[in-house]
Every structure is written in structure tokens, then in C-alpha cells.
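To keep things clear, I will list the structure first and then write my remarks on it.
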Amino acid sequence: RFITYAPWWIKYFIRKTIFCKDYMIKIPFNVTELSYRLLKIEELHLLKTGNKIPDSELIIESGITKSKLEFIMNARTSNTVSLDTMNGNEYDNDFQSSYSIRDTKSKNPEEILQENELSKDIMDLLTILTPTELNVIKLRFAINCEENLSCREIGKMFNLSGEGVRQLEKRAIRKLKNGSKQLKLFNEL
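Mapped onto my numbering, the consecutive letters of the sequence shown carry residue numbers 948 to 1136.
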């Protein structure tokens, strides 16, 4: 019995060692094993047809999702670069790669400043409305609340009909347009 399992286990550990040591950053073995399976399917298809296998067929043959295939292909082809490598040319001073990596998750400070300024201007503009108009606009367009409400829902809150709320909203928007022209905000909106 041992002799039947031994070659499989030996090949398995050799493959595991090769795939795990192949990348500078450790990739989970289940991902490398799946990558190996996909590689085998691609090689078999290439030998049979002489063409590269399309992704749609690879998904069907391997039984994985498209997003998982994209993840594995990306993991297989990604290059690792040290953050301490020095970049530069004859015109600039050398600098580390870590200094030039863009943070895609946080907003640009200039955008934040513009948003804050615009939001301050809008809040200033809202002061020209009556309290009822202000509440209708805030509820209708979800300003300082989680979701916008329909005219009928707002009407129930203020003992008005849906049509009355719509007219209040229209009047408030007209006031805001006129006020924004005076503040030269209309072009920004």
C-alpha cells in the first residue's frame, strides 16, 4: 500500500516546495495548487489543438469562477518589486520606490478641500430657505440623513399632500437657483 501512495506524496511535496519558493511573497498553497491545475489544463489544450485555451473554456474545464480565475492569473503574472530599490535617472536624484507609490484608497487632499468648500457653500446657500422648505429639501435629497423620502412620505410628516410637498420643493429649488447665481455657485453644481 505504501508504494502506491509514496510517488504521489513525493510529487506533491516537490510541487509544493517549488511553487511556494517560486514567489518572494508567500502565496497560499491552495492558490498555487489551483494555478498548477490550470497550467496543466492549458498545456493539454495547447498540445491537442495547438492554440491557447480561451478563458471561458478554462473556467468550464476547471470548474472555477471567472473572478477566481482572474485572481489566480494575476497572482501568477504579478512581479514583486522591493520598496527599497532606488529609482532615478541622470536628471533627478535617486529616490526609493516607496516614495512614489500612490495611495489609491485615500482621497487627494485637493479633492477633499474642494468637497469641503462646496459643501460649506451649499450649506450657506440653504440658509435662504424657510424652515419648512429647508426640511423638505433635506428629506427629499437625503441631506444629513440616510435616505431620500418621497413627496407622500414627507407630506405625512408635515400634514401636507404629496402635491403640496412637490410645490414646496419646486419653490425651494427656484430660490436655490437664484441664490446660487448670486453666489456664482450654479456653474460648480
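Built from N, CA and C at the ideal position, the CB exists for glycine as well.
Keep in mind it's a predicted model, so treat the numbers as computed, not measured.
**Asked** Is there contact between the segment 1058 to 1074 and the segment 1097 to 1117, where contact requires at least three CB pairs shorter than 8 Å?
**Response** no
**Request:** Following the continuous alpha helix (DSSP H) through N1063, name the residue where it begins and the one where it ends.
**Result:** 1056 to 1073
**Prompt:** Is it right to say T1079 is buried, meaning 16 or more other beta carbons lie within 10 angstroms of its own, or is it exposed?
**Reply:** exposed
**Prompt:** Can you find a C-beta in chain B that's less than 7 Å from the C-beta of E1116?
**Reply:** Structure shown: chain B not included; a single protein chain is present.
**Item:** Short Cβ contact (7 Å threshold) for I1019 with L981
**Value:** yes
**Same chain only: Cβ atoms within 8 Å of I988, ignoring 5 sequence neighbours per side** = I1000, L1005, E1008, S1009
**Message:** Suppose the cutoff is 6 Å on Cβ atoms and the five residues either side in sequence are ignored; what does the same chain contact list for R1099 look like?
**Reply:** G1109
**Asked** With a CB to CB cut of under 6 Å and the five nearest residues on each side skipped, what residues in its chain are close to E1116?
**Response** V1083, R1087
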